[in-house]
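Protein chains: 2
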Amino acid sequence: MVLSQEVQRNPNLYVFLPLLYVVWSDNVLTQRELQVLKNRIDCQSWLSDKEKEFLYRLIDPQLPPTPSELKQWLEAIRKVPLKQAHTLAEIGSLTVKFYSGREANAQVTGALAGIESELGLIGREATYAFRPEYRLSLTQQQHTHDMFDVSRMTALLDAEEAPLIQRVKQVIASPEFAYIETDNLNEYRQQVLRWTQILASYGFGSIGYPKEYGGQGDMAAYFTVMETLSYHDLSLVVKFGVQFGLWGMSVYFLGTEKHHKKYLKDIGTLALPGCFAMTETGHGSNVRGIETTATYNHNNQTFTIHTPHPQAQKEYIGNAALHGRMATVFAKLIINGVDYGVNAFIVSLRDEEGNTLPGITISDCGRKLGLNGVDNGIIRFNQVVIPMENMLDRFARINENGEFESPITSDNRRFFTMLGTLVGGRIGIPRSGNAACKSALTIAIRYGDRRVQFGPEGAPEVPILNYRTHQRRLMPLLANTYALHFALKYLTRRFLDRTEDEMQEIEALAAALKAWGTWNTTATLQECREACGGKGYLFENRIGTLKNDTDIYTTFEGDNTVLMQLVAKSRLTDFKQEFSSMNAFGLLNYLAGQAATAIMELNPLIVRNTDEAHLLDPEFHLNAFRYRERDILTSAARRLKRHIDEGMDSFDAFNVCQHHLVQVAFAYTERVILEQFIVAVEGTQDDGCKTALMQLYRIFALNLLDKHKGWYLEQGYMEGVKTKAIRKLLNQMCWDVRTMAVPLVNAFAIPDACLAAPIALNHPPAFA
Amino acid sequence: MVLSQEVQRNPNLYVFLPLLYVVWSDNVLTQRELQVLKNRIDCQSWLSDKEKEFLYRLIDPQLPPTPSELKQWLEAIRKVPLKQAHTLAEIGSLTVKFYSGREANAQVTGALAGIESELGLIGREATYAFRPEYRLSLTQQQHTHDMFDVSRMTALLDAEEAPLIQRVKQVIASPEFAYIETDNLNEYRQQVLRWTQILASYGFGSIGYPKEYGGQGDMAAYFTVMETLSYHDLSLVVKFGVQFGLWGMSVYFLGTEKHHKKYLKDIGTLALPGCFAMTETGHGSNVRGIETTATYNHNNQTFTIHTPHPQAQKEYIGNAALHGRMATVFAKLIINGVDYGVNAFIVSLRDEEGNTLPGITISDCGRKLGLNGVDNGIIRFNQVVIPMENMLDRFARINENGEFESPITSDNRRFFTMLGTLVGGRIGIPRSGNAACKSALTIAIRYGDRRVQFGPEGAPEVPILNYRTHQRRLMPLLANTYALHFALKYLTRRFLDRTEDEMQEIEALAAALKAWGTWNTTATLQECREACGGKGYLFENRIGTLKNDTDIYTTFEGDNTVLMQLVAKSRLTDFKQEFSSMNAFGLLNYLAGQAATAIMELNPLIVRNTDEAHLLDPEFHLNAFRYRERDILTSAARRLKRHIDEGMDSFDAFNVCQHHLVQVAFAYTERVILEQFIVAVEGTQDDGCKTALMQLYRIFALNLLDKHKGWYLEQGYMEGVKTKAIRKLLNQMCWDVRTMAVPLVNAFAIPDACLAAPIALNHPPAFA
């Protein structure tokens, strides 16, 4: 067309050029589009028949322009000065003007008026090709801002533990701790052992033990070390936790002074590597059912430790396959044929040269999905005799007459008291998992900020973090990680400051945050892997390794589903006690409170309230979370009672309600996390940090309200207009927070040497 | 108490023994409980003061019974014949009778009436310890039934491909295909290559190619082979797919006869291993933006292939690091400085000895999260000259004048037409992923059926698959796998029988099922891992490997999130065309239809209908799924239009609606899967199989309705009573289907040698 005689004779024909380019450039013409174009041409009275013929030919599907012709058309249009986005009609007129040197008349300029909507071309997308440089969409413009002081945020997160965190980071970022890439299981395990030895040499292993045994008596520090180590290799974290936590703490908490004196110092230096042998092949969650026996022989005051059958072997025992020399073994104590329930005993596994002792058989669990730097093993005992003093006898002992003695009458009660002292593991694990989330989010968010893909036609590509789906995938997870950071600190503090009376509550809280937190870890790492695409699948970028290593966090230290049921049962007990301890006046107050809730919150103005100020108000969130928690708990209790009243077996009744009970636990957990996030935001002094945290807090709250909208709508607590407004606001909040996402992950201050992923570091890619 | 003088003197005191056991056996007494017990004792007129004193001592928290005493009490109670479950009062009376030899009087038997509810002991749980053998709860009784003929179900799933599936299974279950456990990347890759060679020697590789090139011209068979191989090692599947699918099919579909003649036979026998070099470091999803150049030199009729910068390197290329000798390379064709868009070229990488050719630099992607048996590499081209005939010229060629020629005018259109021919990859991948789900579900469900854990106090433990949460986790995933099986067969059939006109629809369908299916794979494998606890984490049980290997399925052959947006855009286009092609009469009909839907389905009787027959009716499901699909699509279209009408840049408008658009795609995909599941159930002849499939179908439908209940409630399509009824029914369906879950996975008929997981096979565990 550009060079054709018709156009030279009548430059007004140029008015069609942009349209023709657009219709040919992306699609074959449909019959309908063809008809629209024909009609338009037909009704232009300023065109001669010959000119019409010429134009018909140009839209004939049998005679498409060649690819070269199409490119020439584009070049011709690109010469026309366009100052801004235009309609096809406007661009057509400008093209006429440019090539004819004069304004087109109204007939000509009107020829294509409104053609976009007639052809169904969406908006101005079709014309981007003509002047890409004018295009600056909001999506393109979004970028990272420094909206707060990153170092202040780091200080706020680290709080009083900052100096210790700094010390641990220095060690794990040192050249000795450089990651090794090895195919070889054994090499990897030896490396992890060496790293653990180095940590012990700095005193990190014994930090929680009393000073008289080489420690610093600082349990808070122990958790901080575990968490900070989790920026490094998680096999190291678990090896460290098995040795100094499970093995050492079991001796410390279940044993008495004689054990502490004899073992604790060597455990803390790793001179005495050991295991925690509780789980059996046949008994994981239901540890109370373990079948290893410890039979007391009063004649020589010894115990015989024995594995009666394969299902009673100790399985998955960390440190067992290679390095452990002793173990805390959980076994049923038998005295004169009577079973006194599960107790703990110290049993030697290997001599100082590492040879397995007589009666002990250990096999290797072999390769696992992750944590392959930890040597898990299977232990079998064949009539292994140990001296009487090897019983860890803080909660039960055998007296000089060979009789069992315990301040706790019930075997069950004693067992759960013993377990309760070990609840620390349920704190360390979610903290480690959350640190892994911090690593993965740092990698995925930095990558999303620099990785560009797609863009408006002809314009530069856009960072993938500017896309709404990408934001919606990552921002709520970032909010969860911050939320859990504060909630886990709260849990740790409650645990360290505990009184006897609070133990049941703290155990439930630990179980709840362990389950919620580690499921969140699995979900976060999965999303980060996918958000980094193929790069996320490469070993070098570490997300895969973090994912595999933490995958078992949802299982060990208590299977999450089982834990959530324990939490629910604990909540039901609290609920019952709250009710049963109420006098008539208390009950009246409670009922009045419930009624007030109903009046206040279920009134039509509130269930439909979509004001942004209301939706962002922590008061609204707190009410909604608490209402949900209370309502689900009450209804679960009612449902259980109804089933039992109707004669259902109580085991069956709990089973029928199991799904409901898990929701009880979720609602409780989420209310606690929300409260602690609010406390953290409110306690923040620095304005910039406070604003940023408030934004994250809002995403956390709105995301959970959105997730549970089905429930809120079912209950009539919200109406559809409100849940829709929440969704919309959540999307908007994710868009807003994206601009500070990079500073928010930078605040985790993970050393480059630990993070290690090339896609997250500032090295320019080199030719491979 | 048992031997005390008081009891010998007055055996009526035995009435308290069961109660005393219960209160001491599990808990320390609270103040309130103590008060209840004291009150009860106080008001018994038949007790002397001395006897009351005696009883007070027995409940004194300062003077607990010893553990041995508690055990003696239990033994004493266990001697009492109890025929069924009793209240504590009843057991007390029976104890009196047993030890005194006569009936207790009414005063005594009434002493403890209703004590359970006063103490808050839930139901009869507390008394299980006395007579465990009478306990047979529903939860304990549930077990696997053979409710249909497994071999008939297998025949139904395999259908006309049964003989081929059998042949492939025989090969992969043979000793040559025994899994190797090796730490060594190179050994593993060589093993996978050898396996691929064996498959090629049986003619499985070329099965889809025309007979004249050594194949059997059976594309359906190619997909079946890929799917069946997925019961084995997934690295093998991907290696196989890269060679015979990506490399071979690109030559077949993008090349012309000269290429077929020259290469196809050798590709099919694996004599010519090759690669598919499309993705670049800088361009994965947006392949149209790749930057490798193929510059045409008319003087000697060659192309020069060149990598201009590191971001333009070909990355993640399967078969590249070690074995590939040639590659289909996608590059921008440049003729005389003009860019003609992406075209494909055959480029030699290595000579027959495996030496990299001049100008080619290949590096290894190294270890990945999974699929480590595939040698992915990075390829860089430095001015590599190839002959003119190496252009794959089905859709574009260079004529004798050195000019570009194509029957497809637009570069974009041509590019998408090329890609369209390769859509087969988006069929093979979800089919492979679904086969991995079949393996993992077979392992997890068989394990859940035999693994016991917990049970009523003192009674045998219960298979974990009898627990409602376990059922709720696994049964919907089993239903999804069956649903996808039929949907993916439908997709395959549509693809094989396609006409030109249907291509856009089929591409959208493939994208939709690829994304939905592979996300389901990730979710299923994760749940199966967790459902198998520690056993699921062991390498030997294969779930971890399957999980890691399939993890990239959500990314390669099109990132799922990007695909879902393409699906949505395709749906919007269809929607627009449907509307714009309607004449006034059609539009009226459509609006009348919508109104009828509103009247029929949104009437108060239906939105609240909780009849089981209605909730299980496929008609109801279809209406609900279609309503959702149509409504989300319409609202997305309206929202886009409104934004654009208000002057929003269209790129921004699509971004703002991205989250909404992904929902459009989900709703579409789920409607299609539902329809195909209904078709499959209706077409089933065998009654037993039909019933089983109908049950799975219902779980599939109800699970998705439950998942989207928030949306349905928001829209007023259902009310809370109905969504609650659906949840309840879903839980019940999961309970019902559990009894046939094992036969349902057995019907996948995965060879033991492939399944391999010890926890899923019938070998008794031996001492390690």
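Protein sequences appear in the order of chains C and B. Be aware that the first sequence starts at 1, since it is given in the numbering used here, and climbs by one per residue. Be aware that the second sequence starts at 1001, since it is given in the numbering used here, and climbs by one per residue. Positions of the beta carbon are idealized from the N, C-alpha and C atoms, including for glycine.
Residue i - partner residues in DSSP beta bridges
{"i": "V1347/B", "result": "A1327/B"}
{"i": "E405/C", "result": "R397/C"}
{"i": "K314/C", "result": "E280/C, I379/C"}
{"i": "K52/C", "result": "Answer is none; K52/C lacks a bridge partner."}
{"i": "G1274/B", "result": "M1326/B"}
{"i": "L538/C", "result": "K1368/B"}
Interface flag, residue i vs chain C, CB-CB below 8 Å
{"i": "W1024/B", "result": "yes"}
{"i": "D1559/B", "result": "yes"}
{"i": "V1662/B", "result": "yes"}
{"i": "F1276/B", "result": "no"}
{"i": "A1768/B", "result": "Legend: pLDDT at A1768/B = 45, less than 50; position of this residue unreliable, value from coordinates given subsequently. Output row for A1768/B: interface = yes."}
{"i": "H1485/B", "result": "no"}
{"i": "D1183/B", "result": "yes"}
6 Å Cβ shell around residue i - same chain, five flanking residues per side excluded
{"i": "L234/C", "result": "D549"}
{"i": "T1228/B", "result": "I1165, V1168"}
{"i": "M153/C", "result": "C689, A747"}
{"i": "Y1712/B", "result": "M1718"}
{"i": "R1472/B", "result": "C1734"}
Residue i, DSSP secondary structure in three states
{"i": "V385/C", "result": "strand"}
{"i": "M1564/B", "result": "helix"}
{"i": "Y1209/B", "result": "coil"}
{"i": "S1230/B", "result": "coil"}
{"i": "M978/B", "result": "This structure leaves residue 978/B out entirely; chain B is present only between 1001 and 1768."}
{"i": "G1241/B", "result": "helix"}
{"i": "H1298/B", "result": "coil"}
{"i": "F303/C", "result": "strand"}
{"i": "S68/C", "result": "helix"}
{"i": "K332/C", "result": "strand"}
{"i": "G248/C", "result": "helix"}
{"i": "P476/C", "result": "helix"}
Nearest-angstrom beta carbon gap, residue j and residue i [assumed within contact, 8 Å]
{"i": "G377/C", "j": "I360/C", "result": "At roughly 11 Å, the Cβ-Cβ gap does not stay under 8 Å, so G377/C and I360/C are not in contact."}
{"i": "A1637/B", "j": "L1572/B", "result": "6 Å"}
{"i": "K1368/B", "j": "F539/C", "result": "6 Å"}
{"i": "R1325/B", "j": "L1272/B", "result": "6 Å"}
Cutoff 8 Å; reference residue i; Cβ partners in own chain excluding five residues on either side
{"i": "M1733/B", "result": "M1475, Q1695, R1698, I1699, L1702"}
{"i": "Q1107/B", "result": "Q1044, S1045, W1046"}
Contacting residues, own chain, Cβ-Cβ under 7 Å from residue i (five flanking each side not counted)
{"i": "M1503/B", "result": "G1420"}
{"i": "Y1099/B", "result": "P1011, Y1014"}
{"i": "L1729/B", "result": "E1612, L1615, L1702"}
{"i": "L371/C", "result": "L234, S235, V238, D549, I552"}
{"i": "I1798/B", "result": "Absent from the model: residue 1798/B. The displayed extent of chain B is 1001 to 1768, so no value can be given."}
{"i": "L1322/B", "result": "R1189, D1375"}
C-beta neighbour in chain B for residue i, strict 8 Å
{"i": "Y627/C", "result": "no"}
{"i": "G123/C", "result": "Interpretation of G123/C is limited by its pLDDT of 48, a score under 50 that renders its predicted location unreliable; the figure taken from the coordinates is listed afterwards. Chain B contact via Cβ: present."}
Residue i beta carbon near the ligand COA (any heavy atom closer than 7 Å)
{"i": "N466/C", "result": "No copy of the ligand COA appears in this structure; indeed no ligand is present at all."}
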